[in-house]
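Colleague:
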Amino acid sequence: MNTTEQQQFVATWQHESQSTMKLLQALPVSQYDFRPDAGGRSLGELAWHLAEIDGYITDGVVTRHFDFSTKLPGLERPRTVAALAEGYARVHAEAVARIEALQSADLDRVVPFMGHDMRAGDILWSVLLMHLIHHRGQLALMCRLAGGVAPGLYGPNREEMAAMSASR
-19 MNTTEQQQFV
-9 ATWQHESQST
1 MKLLQALPVS
11 QYDFRPDAGG
21 RSLGELAWHL
31 AEIDGYITDG
41 VVTRHFDFST
51 KLPGLERPRT
61 VAALAEGYAR
71 VHAEAVARIE
81 ALQSADLDRV
91 VPFMGHDMRA
101 GDILWSVLLM
111 HLIHHRGQLA
121 LMCRLAGGVA
131 PGLYGPNREE
141 MAAMSASR
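So the sequence shown is numbered by the working numbering: it starts at -19 and just counts up by one.
What follows is the structure, given as structure tokens:
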């Protein structure tokens, strides 16, 4: 079976979004404002940045214009940990629909991005997906620092390993 780059991207992105949802659902509910670095984002702000990546990057790829200074409709940050996962799921579904509505050839278009011309497909793989994974890793560590248990994302965490060992 031949799959297009667009199909491969969406499938990979959907797989990664499942891990993102697991992490968002594991965040300690009372730690929205937890901020281990006074100059950095809080736990809630960093968690919502994952939705912002999906929203802004897909909008920019589709419109061929990136404007990070204007809030996109529907990207208002929830103010509780409990609302973050649901909000992310909504924004992600809208973002996937944007990309699925493109033609496969649209991924080969060159789009201006932050002072450089980039291929739209490269923006999706690098600026969206790898950027999302980078910040999700930061959020997993922040979850631990805030007293939570981050789920295993690319393998079991220590609690999951202990449960597997105990069940043998």
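Think of the CB as a built atom: it goes at the ideal place given N, C-alpha and C, for glycine as much as any other residue.
A quick note: this is a predicted structure, and the numbers were derived from the prediction, not measured.
(1) Quick check: the Cα distance between ASP102 and ARG21, rounded to an integer number of angstroms?
(2) Figure out for me which residue from ASP17, ARG89, GLY40 and MET1 has the closest Cα to the Cα of VAL61.
(3) Count the C-beta pairs between the region 6 to 13 and the region 71 to 81 that are closer than 8 Å, then say yes if the count reaches three, no if not.
(4) Provide the residue(s) that pair with PRO92 in DSSP beta bridges, ordered along the chain.
(5) Buried or exposed: where does HIS115 fall if 16 or more other Cβ atoms within 10 Å of its Cβ makes it buried?
(6) Mapping DSSP to helix, strand and coil, what is ASP86?
Modeller: For this structure:
(1) Here the alpha carbon of ASP102 sits roughly 27 Å from the alpha carbon of ARG21.
(2) Closest by alpha carbon: MET1.
(3) The region 6 to 13 vs the region 71 to 81: no contact.
(4) Beta-bridge partners of PRO92 (DSSP): ASP97.
(5) Buried, by the Cβ-count rule.
(6) DSSP, reduced to helix, strand and coil, places ASP86 within a helical segment of the structure shown.
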